[in-house]
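The sequence shown lines up with residues 9 to 133 when you count with this note's numbering. Glycine residues also receive a C-beta, built at the ideal position from the N, C-alpha and C atoms. The structure appears right after this line, and notes come after that.
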Amino acid sequence: MTVLSPGADERVAAPPANLWRDTLHNILRQRVAQAGLFLLGILLFMAVAAPLISTHDPTDTIGIDEGLLAPGAPPELKGPCIRLLGCNADRPEHYLGIDRNGRDVYSRVVYGAQISLYIGFVTVG
């Protein structure tokens with residue numbers, strides 16, 4: 009396709025269409041693609057910032073020392089404890105609770121994002 013430049017009689021070739029730009033534009037117009045990119049961005053942020061946003065070491069057994077995993081401990085002590093929502097200050101803070109082995113679930117999820125992304129990108133690649 010040729011386009012006449014204003015004020016000149018010579019013909020100038022139009023710039024070629026950019027396939028990558030057009031594809032990205034078409035993808036970003038779809039709401040499902042936007043939601044997927046948003047979730048992927050959250051997962052990438054969690055994986056990169058895992059040492060900064062995790063509250064505990066994902067392999068440490070926490071509840072054994074505090075008596076949370078004792079056979080007679082009430083089940084509400086094993087659940088989530090968030091001080092902002094009214095949890096007692098004497099209990100350790102666990103956003104998603106602890107598992108049966110006494111490990112913080114939130115920290116394990118955050119560090120698990122690194123492994124999930126690695127496996128996903130290697131599989132696709």
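CB-CB length for Ala-55 against Ala-121, believed under 8 Å: About 4 Å separates the two Cβ atoms, so the contact holds.
What three-state label does DSSP hand Asp-30 in the structure shown? Helix at Asp-30.
In terms of residues, what are the limits of the alpha helix (DSSP H) holding Gln-42? Here the alpha helix (DSSP H) through Gln-42 covers 39-56.
Do you know how far the Cα of Thr-67 is from the Cα of Arg-116? The straight-line gap separating the alpha-carbon atoms of Arg-116 and Thr-67 is approximately 8 Å.
Please classify His-33 as buried or exposed, where buried requires at least 16 other C-beta atoms within 10 Å of its C-beta. Exposed: under 16 other Cβ atoms inside 10 Å.
Can you tell me where the alpha helix (DSSP H) holding Ser-62 begins and where it ends? Boundaries cannot be given for Ser-62, as no alpha helix (DSSP H) includes it and DSSP labels it neither H nor E.
What distance in whole Å lies between the Cβ atoms of Ala-58 and Tyr-119, which are believed to be in contact at a cut-off of 8 Å? About 5 Å separates the Cβ atoms of Tyr-119 and Ala-58, confirming a contact at the 8 Å cut-off.
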